[in-house]
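Q:
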Amino acid sequence: MTAKLKNLISAADLSAEHVKILFDLTDKYKNYLAESKTRGIPIEVEPLRDRTLALIFEKPSLRTRVTFMVGMAQLGGLAIDIRAEQVLQGRETIADVSRNLDRWVDALVARTFKHRTVLELAKYARIPVINALSDLEHPCQVLADFYTIRQIKGENWKEIKLVYIGDGNNVCHSLLLLTANLGGQMTVATPPKYDPKDSILRIAKKKAQATGATLKFTHDVKEAVKGADFVYTDVWTSMGFEAEREQRRTAFGPFQVNEALMSLAKPDAKFLHCLPAKRGEEVVDGVIDGPHSAVFDQAENRLHVQKALLVHLLT
Ligand code: CP
Ligand code: NVA
1 MTAKLKNLIS AADLSAEHVK ILFDLTDKYK NYLAESKTRG IPIEVEPLRD
51 RTLALIFEKP SLRTRVTFMV GMAQLGGLAI DIRAEQVLQG RETIADVSRN
101 LDRWVDALVA RTFKHRTVLE LAKYARIPVI NALSDLEHPC QVLADFYTIR
151 QIKGENWKEI KLVYIGDGNN VCHSLLLLTA NLGGQMTVAT PPKYDPKDSI
201 LRIAKKKAQA TGATLKFTHD VKEAVKGADF VYTDVWTSMG FEAEREQRRT
251 AFGPFQVNEA LMSLAKPDAK FLHCLPAKRG EEVVDGVIDG PHSAVFDQAE
301 NRLHVQKALL VHLLT
């Protein structure tokens, strides 16, 4: 029996059993919300009444901030948004920020430039810490992504072919780790020099050996997309890498997801993107707004899976 999660720092923390528990809980809270909206009356399900969640974001956010705040409100708790520039930039140590917050709030959500800042916050907090995106990973995103995949194709993970096109970045890392844990199939097509980090590949490959997952890596984007059930991309220039924008636009040009590339995937393939998208760069309007796109289901599911995560960590 997999132990209950204490934190969510890396997608590697999520075993197949955790995912099953979290997705069942997600279904439950998603249904409560739908029922309360259909019936037009509030349904009293407030497992986090009197609980407080602190958010600290060093980088911009729409989806992650709003879904954690709305999710906490729907569960009967309170979320407070702390200004990162006032607390994480040298006024006191990260360890002391963590030790203080630990005395007032029940959980902490942190979006940081450096992954080691999230690790440091978690090291000194007795309360749960959730990685809301670092330079290395985005575990909350990929929980919502796999929940979306399950809605569309079911949970026979080993039969589902996910193809990731573009930058071997934080989102790609977390997708690889969760695919490995679930025993799925993932192909990553990046330009040369933009491969996922070796430290992540080592962990993902080791886990894949244990679960039977198939992980493939290529620089040939057309070959990668053949037979895909899901084609996933992300921005070419992630937050924190803006100085490289021009050189990245050149390197990533052939990796744009457009109608011609999508036509190489399965006829019923879906297009995924964590958002925000740079339309006209990594994806064209015809794909992101087209019949194959599931991007707003992914965005919606951020709310539902994170509510499940909060209930799992806090009750
Ligand atoms: N996908 C995602 O994390 O979006 P935000 O950066 O808007 O939170
Ligand atoms: N890879 C992107 C994801 C944004 C949600 C970034 O880090 O900017």
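Reading the sequence shown from the start, the letters are residues 1 to 315 in this note's numbering.
Don't be surprised by glycine CBs; every beta carbon is placed ideally from N, CA and C.
For the beta strand (DSSP E) that Asp81 lies in, which residues bound it at each end?
A: Leu78 to Arg83
Q: Any contact of the stretch 91-99 with the stretch 167-181, i.e. 3+ C-beta pairs under 8 angstroms?
A: no
Q: Between Gln298 and Ala144, how many whole angstroms is the CB-CB distance? I'm expecting something under 8 angstroms.
A: 6 angstroms
Q: Can you give the Cα-Cα distance for Lys278 and Leu162, rounded to whole angstroms?
A: 21 angstroms
Q: Which runs of the alpha helix (DSSP H) spanning at least 4 residues fall entirely within the stretch 193-257, listed in chain order?
A: Within the stretch 193-257, the runs of alpha helix (DSSP H) at least 4 residues long that lie entirely inside it are, in chain order, 198-211, 221-225 and 245-252.
Q: Across which residues does DSSP place Asn131 in a beta bridge pair?
A: BP columns for Asn131 point to Ala110.
Q: Per DSSP, which residues does Lys161 bridge with? Please list them.
A: Gln185
Q: Sort Ser15, Ala73 and Leu55 by Cα distance to Pro42 and report the nearest one.
A: Ala73
Q: Could you pull out every residue in the same chain whose Cβ sits closer than 8 angstroms to the Cβ of Phe241, ignoring the five residues on either side in sequence?
A: Contacts found: Arg248.
Q: Give me, in chain order, the residues of the same chain whose beta-carbon lies closer than 8 angstroms to that of Val221; leave out the 5 immediate sequence neighbours on both sides.
A: Ile165, Ala189, Pro254, Phe255 and Leu261
Q: Once DSSP output is grouped into helix, strand and coil, what is the label at Thr52?
A: strand
Q: Taking the C-alpha atoms as reference points, what is the distance between Val305 and Tyr147?
A: Val305 and Tyr147: Cα-Cα distance of roughly 8 angstroms.
Q: Taking the alpha helix (DSSP H) that Leu272 belongs to, which residues open and close that run?
A: That residue, Leu272, is in no alpha helix (DSSP H); its beta strand (DSSP E) goes Lys270 to His273.
Q: Assuming Glu300 is part of the alpha helix (DSSP H), what are its boundary residues?
A: Val295 to Leu314
Q: If you count every other CB in all the chains shown that lies within 10 Å of the CB of Ser98, and 16 or more means buried, which is it?
A: Buried: at least 16 other Cβ atoms inside 10 Å.
Q: Hey, would you say the C-beta of Gln306 is under 7 angstroms away from at least one heavy atom of ligand 1?
A: no
Q: Return yes when the C-beta of Asp195 is under 7 angstroms from any heavy atom of ligand 2, and no when it is not.
A: no
Q: Output needed for Ala269: all residues of its chain with C-beta closer than 8 angstroms, excluding positions within five of it in sequence on either side, in chain order.
A: Cβ-Cβ distances below 8 angstroms link Ala269 to Ala228, Asp229, Phe230, Val231, Met262 and His292 in the same chain, with the five nearest sequence neighbours on each side left out; the list follows chain order.
Q: Could you tell me whether the Cβ atoms of Val142 and Leu178 are closer together than 8 angstroms?
A: yes
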